[in-house]
Amino acid sequence: MVKQRKYKETVKQIKALVEDENEIIANLANISAILKQNFDSFSWCGFYIRKGKKLVLGPFQGKPACMKIEIGKGLCGKCAAEKRSIIAPDVSKFPGYISCDSKTRSEIVIPIIKKRKVKGVLDIDSRKLNAFNKDDEKYLTRLAALISKIW
Ligand code: SME
256 MVKQRKYKET VKQIKALVED ENEIIANLAN ISAILKQNFD SFSWCGFYIR
306 KGKKLVLGPF QGKPACMKIE IGKGLCGKCA AEKRSIIAPD VSKFPGYISC
356 DSKTRSEIVI PIIKKRKVKG VLDIDSRKLN AFNKDDEKYL TRLAALISKI
406 W
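Take the sequence shown: its letters are residues 256 to 406, numbered as in my numbering.
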């Protein structure tokens, strides 16, 4: 319940911030900052931006991460290829997982889709096992829809 309220407030806060701003990089940077600031359980959060057959690291908060991921590879690449959110409750059990931080235990990825095309992926890591569930997916999907409107 606490988490749901936090998500609702976060989405509201982000909406107010990005509504009148059309610089996508600036918006993604602030969105990463707000997510990281509002959720203690997020060790890394940020965006991969689609460029042709690759995803390129975009604005994020957390440790330095892999800069390019092929569509179809890893959690982010699979999310982009299949245009669907994926939750890895235990990243060590995800085939082909790309590890950027050895301390990451679980992860969620949400595609940002505009006119049926993937613009990018929102990626969130946690150092806790099983940190993400359907509630996270629900609110982060709302956030992705909001982002696709301003992209
Ligand atoms: N683990 C991701 C790579 C990105 S980092 O977690 C920031 C993946 O498997 O695609």
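Glycine is no exception: its CB is placed at the ideal position from the N, C-alpha and C atoms.
Cut-off 7 Å between Cβ atoms - residues of its own chain near C331, not counting five sequence neighbours on either side: Locating residue 331 in the sequence shown gives position 76, counting from the first residue. Closer than 7 Å at Cβ, skipping near neighbours: Y303, L310, I324, V364, V376 and D378.
Heavy atom of the ligand SME within 7 Å of T359 beta-carbon: Start at 1 with the first residue of the sequence shown, and residue 359 comes out as number 104. Result yes, Cβ under 7 Å from the ligand SME.
Near the ligand SME: W406 beta-carbon under 7 Å from a heavy atom: To locate residue 406, count along the sequence shown from 1; it is residue 151. For the ligand SME, not one heavy atom lies less than 7 Å from the Cβ of W406.
Contact set for Y394: own chain, Cβ-Cβ below 8 Å, skip 5 residues either direction: Looking up residue 394 in the sequence shown gives position 139. For Y394, where only same-chain residues beyond five positions count, the Cβ hits under 8 Å are Q259, Y262, K263, T265 and V266.
Which listed residue (D356, N385, S403 and K348) has its alpha carbon closest to that of R371: If you number the sequence shown from 1, residue 371 lands on position 116. The residue with the shortest Cα to Cα distance from R371 is S403.
Contacts around R382, its chain only, beta-carbon distance under 7 Å, and the 5 residues preceding and following it disregarded: The residue labelled residue 382 in the question sits at position 127 within the sequence shown. Only S298, K358, T359 and R360 meet the Cβ criterion.
Beta-carbon contacts of P314 that lie in its chain and below 7 Å, excluding the five residues immediately before and after: Walking along the sequence shown from the start, residue 314 turns up at place 59. Within the same chain, P314 has close Cβ partners I280, L283, A284, S287, G301 and F302.
Alpha carbon of N231 to alpha carbon of Q316, nearest angstrom: For residue 231 there is no data in the structure shown, the boundaries of the chain being 256 and 406.
Alpha-carbon to alpha-carbon, C321 and C355: Looking up residue 355 in the sequence shown gives position 100. Looking up residue 321 in the sequence shown gives position 66. C355 and C321: Cα-Cα distance of roughly 6 Å.
Paired residues, beta bridge with Y303 - DSSP: Indexing the sequence shown from 1 puts residue 303 at position 48. Looking at the DSSP assignment, Y303 forms a beta bridge with L312 and V376.
4-residue-minimum alpha helix (DSSP H) runs that sit fully inside the region 319-392, ordered along the chain: 329-337
Chain-order list of residues whose beta-carbon lies under 8 Å from that of F387 (same chain, five-residue window excluded): As a first step, residue 387 is located in the sequence shown; it is residue number 132 there, counting from the start. Same-chain partners within the cutoff: I342, P344, S361, E362, I363, I379 and S381.
Span of the alpha helix (DSSP H) around S287: For the purposes of this step, residue 287 is taken as the residue at position 32 of the sequence shown. Counting along the chain, the alpha helix (DSSP H) containing S287 begins and ends at I279 to N293.
Option in R339, R305, I368 and K328 with minimal Cα separation from P350: What you label residue 350 is simply residue 95 of the sequence shown in a count that begins at 1. Answer by Cα proximity: K328.
Alpha-carbon to alpha-carbon, D275 and G307: By one-based count along the sequence shown, residue 307 stands at place 52. By one-based count along the sequence shown, residue 275 stands at place 20. Approximately 28 Å between the Cα atoms of the pair.
K374 versus L401 - alpha carbon distance: For this step, residue 374 is matched to residue 119 along the sequence shown. For this step, residue 401 is matched to residue 146 along the sequence shown. If I take the Cα positions, the gap works out to 13 Å.
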